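Colleague: These protein sequence lines map, in sequence, to chains H and E.
Under the numbering used here, the first sequence has 643 at position 142, and the numbering climbs by one with no breaks.
Under the numbering used here, the second sequence has 132 at position 129, and the numbering climbs by one with no breaks.
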Amino acid sequence: MSERTANRTFDIVTTILVAVAVLLCLAPFIHILSISFSSNRAITSGEVTLFPVDFNLKAYGKVFSDMSMIRSLGFTVMLTVITTVLSMLMTMIAAYPLTKKNLKGRKTIMFMIVVTMFFSGGIIPEYILVRDLHLLNNMWSLILPGLISPFYLIILISFFNGIPESLGEAAEIDGSSQFGTLIRIVLPLSLPVLATLSLFYGVGRWNGFQDTLMYIQNPDLFPLQLKLYQMIQNNMVSELSRLEGASGAKITPEGLKAASVIFATVPILLVYPWLQRYFVSGVMLGAVKG
Amino acid sequence: MKGNVYFRRYWQLYALLVLPLAYFIVFKYGPMWGVQIAFKDFNFFQGITGSEWIGFDAFREVFRMDDFYRTLRNTIVLNLLDLLVSFPAPLVLAILLYELKVVWFKKLSQTILYIPHFISWVIIGGIVYQVFGTQSGMINNVLTSIGFQAIPFLTDKNDWVITYLLTGVWQSAGWGTILYLAALTGINRELFEAAEVDGAGRMKRIWHITIPGMKTTIATLLIINLGNMITIGFDRPYVIGNVAVRDYSDVLSTFVYRIGMESGQYTLATVVGLFQAVVGLIFVLGANYASKKLTDESIM
């Protein structure tokens, strides 16, 4: 085999392997998508694998006519937006002062923050704190406890540190206040990392589950993940009860469940491509410096 | 007056720090203060300060519980198996992606491979059910239609572990390539050209240039993973686990949730949480120390 054919073969093999990985990555989504567009009869008889059978939109009709589902989506969107904005604001105002080397007490504060990355009180003391603050069954219980991620804060600090200090000093000589320097010079230069961290905060809130399970009992305040979990849980129960020959569990039709899963995934898939080019560089930055 | 000048110049910075620091004190240090529940007979009506001290009684009780050892074992075993299966996957994938010459295909593949990382475990749980379910899952439908027996992926303990591991690979393999690819961008392309001139084939170049280029990243990630041996996320085992496989799926974080939030045994749950936090801290510090020794790079 000549060297050129060897090279060609190698290229073809790697391309095929990556294509297989991509397909394996997509297959479950395609399956769920097909389920959501298929008739219940086709789903239960196991005819649906990668293409819809008896194409119909009934499941989506149900999802979109279920007011509690729409309200949950609205609530989750609002929750995600508020969390992302507040988290970013807090992270930015915390990061900027901590880049000033001659700030008195900086090392102590940094130490205080880093400690929280490696040691925490655990979920029970957190739950009791939230309860004592009267935040149970309140959307703020899902926003405040995770307001600043120490890890993201440190990524932002190291990014700010990469901005030449002379820029800030020049602005100061020109009479700019610290706020002014932060808003007019530092932040505009940090857009890629700000976009990355926003995506991470946003996705974290959108996908957050354990805290919703712990703090929210009122169905009017159920975020999507909690609603979805209950649907899926019903399924597990039914699968188990079928196994044991018993029944009586409330079964959500497969199609409806699939449509709900798609319904909760689409918003992320919509913002994701716009932010991807930022977060790749953002992650690398965190990896190299953080 | 020197202090005054300093303050006049820097008060704005301290003003910026007020809210973030208040956040850390209330929401991060508050729960640390609450850890004393582990040493108290906690009662909601008397509150944290009002409850009675009981010393290490709750610890003794926890260390006598079979469930504690079972969840500890599950945490470590699941993490170790996950490391074995999920660790090499992104490495291999990164090498393959790095070898791709067609830029648009490479970019497209990366975009798609990252997506599962952004999907919540609840949704993955829903997908897992549809794909692995015994009665109506996609895989079992295919298996039974070609005459095989259905595999109880979700209800048999050993099969469940396979499901757990596969979902981990699916969720994280693509995302894991980012750090390796970042490391590979640092490789001098001339090395490849020189190797080609010397007659090294593609496999040889991967073995002698690409893999060594990722060595530090591999070592660091391996150490981080070992440092996290005792910590385990809540969502994944909780969502994918179920009553039938609880002997294997119950881990420390779900155990804390179960005895604390579901049974209201706050003191015992805090003890388990504290155990996990302290042992986890020791592991992480040990990992950081090892990382410093071996790779000259500390994680912190």
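Using N, Cα and C, we set each Cβ at its ideal position, and we do this for glycine too.
Just so you know, these numbers come straight off a predicted model, no measurement behind them.
Output, in sequence order along the chain, the residues in the segment 30-41 of chain E whose CB is closer than 7 Å to any CB in chain H.
Modeller: Cβ contacts with chain H: Phe30, Lys31, Gly33, Pro34, Met35, Gly37, Val38, Ile40.
Colleague: Could you give the uninterrupted runs of the alpha helix (DSSP H) lying entirely in the segment 218-270 of chain E, keeping only those of 4 residues or more?
Modeller: The qualifying runs are 218-230, 238-243, 249-252, 255-260.
Colleague: Where does the unbroken alpha helix (DSSP H) through Gln113 (chain E) begin, and where does it stop?
Modeller: It spans 106-117 - the alpha helix (DSSP H) in which Gln113 (chain E) sits, taken as one unbroken run.
Colleague: Relative to the alpha-carbon of Thr170 (chain E), which residue among E:Val125, E:Leu184, E:Arg11, E:Gly150 has its alpha-carbon at the smallest distance?
Modeller: It is E:Val125 whose Cα lies nearest to the Cα of Thr170 (chain E).
Colleague: If we ignore side chains and look at the alpha-carbon of each, how far apart do Ala747 (chain H) and Tyr101 (chain E) end up?
Modeller: With a pLDDT of 47 at Ala747 (chain H), under the threshold of 50, the modelled position of this residue cannot be trusted; read the value that follows with caution. So the two alpha carbons sit approximately 53 Å from each other.
Colleague: By alpha-carbon positions, which one of E:Leu284, E:Leu111, E:Ala290 ends up nearest to Gly622 (chain H)?
Modeller: Nearest of E:Leu284, E:Leu111, E:Ala290 to Gly622 (chain H), Cα basis: E:Leu284.
Colleague: Kindly give me the distance between the Cβ atoms of Asn662 (chain H) and Thr600 (chain H), rounded to whole angstroms, as I take these residues to be in contact under 8 Å.
Modeller: With a Cβ gap of about 5 Å, Asn662 (chain H) and Thr600 (chain H) count as contacting.
Colleague: If the criterion is Cβ atoms closer than 8 Å, does the pair Leu757 (chain H) and Ala560 (chain H) meet it?
Modeller: Yes, the pair counts as a contact, with Cβ atoms nearer than the cut-off.
Colleague: Lys608 (chain H) touches chain E at which residues, Cβ-Cβ below 9 Å?
Modeller: Chain E residues near Lys608 (chain H): none, gap ~14 Å exceeds 9 Å.
Colleague: Any C-beta of chain E sitting closer than 8 Å to the C-beta of Met613 (chain H)?
Modeller: True, the Cβ-Cβ gap to chain E drops below 8 Å.
Colleague: As an exercise, report each continuous beta strand (DSSP E) stretch of at least 3 residues that is fully enclosed by the segment 663-710 of chain H, in chain order.
Modeller: None, since the segment 663-710 of chain H contains no complete beta strand (DSSP E) of that length.
Colleague: By the DSSP assignment, the alpha helix (DSSP H) with Phe66 (chain E) in it spans what residues?
Modeller: Taken as a continuous stretch (DSSP letters only), the alpha helix (DSSP H) holding Phe66 (chain E) covers 60-66.
Colleague: Given a threshold of 16 other Cβ atoms within 10 Å of its Cβ, counted over all protein chains shown, does Gly53 (chain E) qualify as buried or as exposed?
Modeller: Exposed, since its Cβ has fewer than 16 Cβ neighbours within 10 Å.
Colleague: Give me the Cα-Cα distance between Ala543 (chain H) and Gln718 (chain H), rounded to the nearest whole angstrom.
Modeller: Rounded to whole angstroms, Ala543 (chain H) to Gln718 (chain H) spans 36 Å at the Cα level.
Colleague: Kindly list, in the order they appear in chain H, the residues whose Cβ is closer than 8 Å to that of Met217 (chain E).
Modeller: Going along chain H, no residue has its Cβ under 8 Å from Met217 (chain E), so there is no contact; the nearest lies around 12 Å.
Colleague: Could you tell me if Arg685 (chain H) is buried or exposed, where buried requires 16 or more neighbouring beta carbons within 10 angstroms of its beta carbon?
Modeller: Arg685 (chain H) should be labelled exposed.
Colleague: Counting pairs of beta carbons, one from the segment 220-228 of chain E and one from the segment 45-62 of chain E, are three or more of them closer than 8 Å?
Modeller: No: the two stretches stay apart, fewer than three of their Cβ pairs being nearer than 8 Å.
Colleague: DSSP three-state call for Lys758 (chain H): helix, strand or coil?
Modeller: Helix, per DSSP.
Colleague: Using a C-beta to C-beta distance shorter than 7 Å, which residues of chain H count as neighbours of Pro23 (chain E)?
Modeller: In chain order: Met591, Ile594, Ala595, Ile649.
Colleague: Report the residue from E:Arg67, E:Tyr13, E:Gly230, E:Tyr17 whose alpha carbon sits nearest the alpha carbon of Ala280 (chain E).
Modeller: Considering only alpha carbons, the answer is E:Gly230.
Colleague: Which residue or residues does DSSP assign as beta-bridge partners of Lys43 (chain E)?
Modeller: Per DSSP, E:Trp56.
Colleague: In angstroms, rounded to a whole number, what distance separates the CA positions of Lys218 (chain E) and Thr516 (chain H)?
Modeller: Between Lys218 (chain E) and Thr516 (chain H), the C-alpha separation is close to 24 Å.
Colleague: Between Lys43 (chain E) and chain H, is the shortest Cβ-Cβ distance under 8 Å, so that the two count as touching?
Modeller: Chain H contact via Cβ: absent.
Colleague: Who are the near neighbours of Pro240 (chain E) in its chain, counting only those whose CB is closer than 6 Å to its CB and skipping five residues on each side?
Modeller: Cβ neighbours of Pro240 (chain E) beyond the five flanking positions: Ser252, Val254, Thr257.
Colleague: With 16 other CB atoms within 10 Å as the buried threshold, where does Gln133 (chain E) fall?
Modeller: That one is buried.
Colleague: Does the CB of Tyr167 (chain E) have a neighbour CB from chain H at under 8 Å?
Modeller: Answer no: the Cβ-Cβ gap between Tyr167 (chain E) and chain H never drops below 8 Å.
Colleague: For Pro119 (chain E), decide whether its Cβ has a neighbour in chain H, counting only Cβ atoms nearer than 8 Å.
Modeller: With 8 Å as the cut-off, Pro119 (chain E) counts as an interface residue toward chain H.
Colleague: Comparing alpha-carbon positions, which option in H:Trp775, H:Ser573, H:Phe552, H:Ile513 lies nearest Ser761 (chain H)?
Modeller: The residue with the shortest Cα to Cα distance from Ser761 (chain H) is H:Ser573.
Colleague: In the DSSP assignment, the alpha helix (DSSP H) including Tyr132 (chain E) goes from what residue to what residue?
Modeller: 124-135 is the span of the alpha helix (DSSP H), which, as asked, contains Tyr132 (chain E).
Colleague: Would you mind telling me which residues of chain E sit closer than 8 Å to Glu755 (chain H), beta carbon to beta carbon, in chain order?
Modeller: Near Glu755 (chain H) (Cβ distances below 8 Å), the residues of chain E are Gln133, Ser139.
Colleague: Do Ile649 (chain H) and Leu698 (chain H) have their CB atoms nearer than 8 Å?
Modeller: No, they are not a contact pair.
Colleague: Helix, strand or coil for Leu157 (chain E) per DSSP?
Modeller: In this structure, Leu157 (chain E) counts as coil in the three-state DSSP scheme.
Colleague: Quick one, which of H:Thr753, H:Arg778, H:Glu670 has its alpha-carbon nearest Lys563 (chain H)'s?
Modeller: The shortest Cα separation from Lys563 (chain H) among H:Thr753, H:Arg778, H:Glu670 belongs to H:Thr753.
Colleague: Contact criterion: CB-CB distance below 8 Å. Does Asp238 (chain E) meet it with respect to chain H?
Modeller: Taking Cβ atoms only, chain H reaches closer than 8 Å to Asp238 (chain E), which makes this a yes.
Colleague: Quick one: does Val125 (chain E) have its CB under 8 Å from some CB of chain H?
Modeller: So, interface residue.
Colleague: Let me confirm a value: Gly384 (chain E) is counted as buried when at least 16 other C-beta atoms fall within 10 Å, else exposed. Which label applies?
Modeller: The displayed coordinates of chain E run from 4 to 303. Any statement about residue 384 (chain E) would go beyond what the structure contains.
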